[in-house]
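One structure is given here, and the rest of the page talks about it.
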């Protein structure tokens, strides 16, 4: 909707401070980036004897961290130095700092009000995180703490630890009697993982595969790249909306096209229930994808069909970290893969440790099997090389944030609602051909 659009624009603008703090080629922003400017400046002005500007910058820093004891002590010291020459109360924080914070708070308020009207809670990120003292002495101005023992002792800001993630649960009902539980997180040697069988039947697998054959395009979902992860396989894909459009136009059976929609909704409900989520799980992206081994290119393969990665953060195996920053899809919360066939060689789904090397679980795809897991750095995963045949699956990513609902899914919901009405003519089927792009 129009409101959703403006909400996303506002959220993007609100996040600019984080984007500005991320250097080109880096995956993580400089912590406490903007306030640090005032922290450095207050010390620099102190060193050159400009105590008015030192106090001005200290007060600017305190706009962001008003309870910072170290900078409060610095400000008090500057005020003492200025006694008898100027009233310290006349020294105010920098105007641009006050303006920025005022705008930032107004943006946050608008996001919270809009979120409440849409029925969910908006949690304001901490844009001025501080995670401990600086480690690199060369990156700070010859530390204030190096003052003579009998001189004034000033401090640079310290940073508290980040808050832990929300409580994680699992083991809820599977909702459908035919779905078979196979393994939980403990049995899969990880966190927030579940393996299920019989999510769809053999006949549904065959029908879905027939739909895939009629609607998939090479490179669809991969920005036109037919071999996005390895030159030894060809990738083809299609979305739910495209399937419904083709079904309505008669290019594929409408019943079969609707099956794609229905089973993805079934998967969503199962994931939401099993992981005992307290809020609605929304589709973030739904993609029917097949990867085919290219003949003549399979000898001595040592690559993966899909390299080890995490779904909502940038995996950094050397640092043993996963950076939840763009270009990662940071809004994704849960992932699922529903497999359609087993008549191929290779293609096992694997979980690894954060080193991207140590395999913790390996899963052989087959019709009706579904693996689901939380999308963060706790679940690095990938796909072994498909060395013969074609491996097909429905890939699903979910979010708890309605701001990031899949647009094509919303459009598909509207199409389904229209199809459920009495016989509609083509003129009433208001699908923009560009919607499928």
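Numbering (UniProt numbering), first residue to last: 1 to 437. Glycine residues also receive a C-beta, built at the ideal position from the N, C-alpha and C atoms. Keep in mind that this is a model prediction, so the values were computed, not measured.
Closer than 6 Å by C-beta to residue i: which residues in its own chain qualify, once you throw out the five before and the five after it? Chain order, please.
i           : result
residue 397 : 284, 285, 332 and 335
residue 38  : 57, 60 and 61
residue 104 : none
residue 146 : The predicted position of residue 146 is uncertain, since its pLDDT is 38 and thus under 50; a value taken from the coordinates is nonetheless stated next. Correct list: empty, nothing qualifies.
residue 298 : 387
residue 329 : 312
residue 363 : 349 and 371
residue 442 : Outside the modelled stretch of the chain, which goes from 1 to 437, sits residue 442, for which no answer is possible.
residue 408 : 239 and 241
In the DSSP assignment, what residue or residues form a beta bridge with residue i?
i           : result
residue 180 : 197
residue 334 : 374 and 398
residue 381 : 309 and 351
residue 363 : 349
residue 238 : 288
residue 233 : 293
residue 390 : 292
residue 356 : Residue 356 is not bridged to any residue.
residue 339 : 393
residue 218 : 236
residue 344 : 389
Exposed or buried, what is residue i when buried is set at 16 or more other beta-carbons lying within 10 Å of its beta-carbon?
i           : result
residue 96  : exposed
residue 181 : exposed
residue 295 : exposed
residue 434 : Low confidence applies to residue 434: its pLDDT is 34, below 50, so where it sits in the model is not reliable, and the reading given next is rough at best. Exposed.
residue 177 : exposed
residue 6   : exposed
residue 340 : buried
residue 311 : buried
residue 14  : buried
residue 320 : exposed
residue 201 : exposed
residue 86  : exposed
residue 391 : buried
residue 307 : exposed
residue 48  : exposed
residue 35  : buried
residue 268 : buried
residue 109 : exposed
residue 374 : buried
residue 365 : buried
residue 230 : buried
residue 278 : exposed
residue 75  : buried
residue 3   : exposed
So, at 8 Å on beta carbons, what are the nonlocal neighbours of residue i in its own chain, with the 5 sequence-adjacent residues on each side left out?
i           : result
residue 389 : 292, 293, 343, 344 and 345
residue 107 : 10, 13 and 14
residue 428 : Caution applies to residue 428, whose pLDDT of 44 falls short of 50 and renders its modelled position unreliable; the model cannot decide the point.
residue 170 : 184, 185, 192, 194, 274, 275 and 276
residue 218 : 226, 234, 235 and 236
residue 252 : 210, 211, 214, 215, 243 and 246
residue 352 : 308, 358, 359, 360, 380, 381 and 382
residue 354 : 315, 317, 320, 321, 322, 377 and 380
Would residue i pass as a contact of residue j if the rule is Cβ separation under 8 Å?
i           : j           : result
residue 305 : residue 255 : no
residue 238 : residue 215 : yes
residue 189 : residue 361 : yes
residue 257 : residue 317 : no
residue 368 : residue 205 : yes
residue 271 : residue 235 : no
residue 240 : residue 412 : yes
residue 376 : residue 313 : yes
residue 98  : residue 63  : yes
residue 338 : residue 349 : no
residue 196 : residue 370 : yes
residue 399 : residue 282 : yes
residue 300 : residue 232 : no
residue 416 : residue 261 : yes
residue 403 : residue 112 : no
residue 395 : residue 287 : yes
residue 51  : residue 81  : yes
Leaving out five residues on either side along the sequence, give the residues of the same chain with a beta carbon under 7 Å from the beta carbon of residue i.
i           : result
residue 79  : 55 and 88
residue 207 : 256 and 259
residue 41  : 57
residue 118 : 402
Are there any heavy atoms of the ligand NAD lying less than 7 Å away from the beta-carbon of residue i, as far as the coordinates show?
i           : result
residue 415 : Absence of the ligand NAD is noted for the structure shown, with no ligands found whatsoever.
Unbroken beta strand (DSSP E) runs of length 3 or more, entirely within the stretch 261-332: which are they?
Those beta strand (DSSP E) runs which fall completely within the stretch 261-332 and span 3+ residues are 282-293, 304-309, 314-316 and 321-323.
Mind pulling the alpha helix (DSSP H) runs of 4 or more residues that sit fully within the stretch 59-130?
For the stretch 59-130, whole alpha helix (DSSP H) runs of length 4 or above, ordered along the chain, are 69-82 and 95-117.
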